[in-house]
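Trainee: I am attaching a structure below and will ask some questions about it afterwards.
Numbering (the numbering used here), first residue to last: 316 to 379.
Here it is, written out as C-alpha cells:
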C-alpha cells in the first residue's frame with residue numbers, strides 16, 4: 316500500500332504488484348543465500364587457510 320501511495324499508482328495495481336513481487340521473490344532469495352554461502356566460505360578461507368575445507372572433511376571422517 317505504501318508503494319502504491321508513494322508512486323501514485325491506482326489502488327487497482329495492488330494485485331499486479333503482489334504477483335510481480337511473488338515472482339521476483341524466488342530469485343532474490345536464491346541470490347541472497349548464494350551470496351551468504353560464498354561470503355562465509357571466503358571468510359573461512361582467509362581465517363583458516365587455503366586447505367580449510369580438506370582439513371574439515373578429514374576431521375569429520377576421523378570423528379565418525
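Glycine included, C-beta positions come from ideal geometry on N, C-alpha and C.
All of these numbers come straight from a predicted model, not from anything done at the bench.
1. Do you know offhand how far residue 373's Cα is from residue 322's?
2. Taking the alpha helix (DSSP H) that residue 320 belongs to, which residues open and close that run?
3. Determine the extent of the alpha helix (DSSP H) in which residue 376 is found, giving its start and end residues.
Mentor: So, to answer that:
1. Those two C-alpha atoms are separated by around 56 Å.
2. 317 to 322
3. 367 to 378
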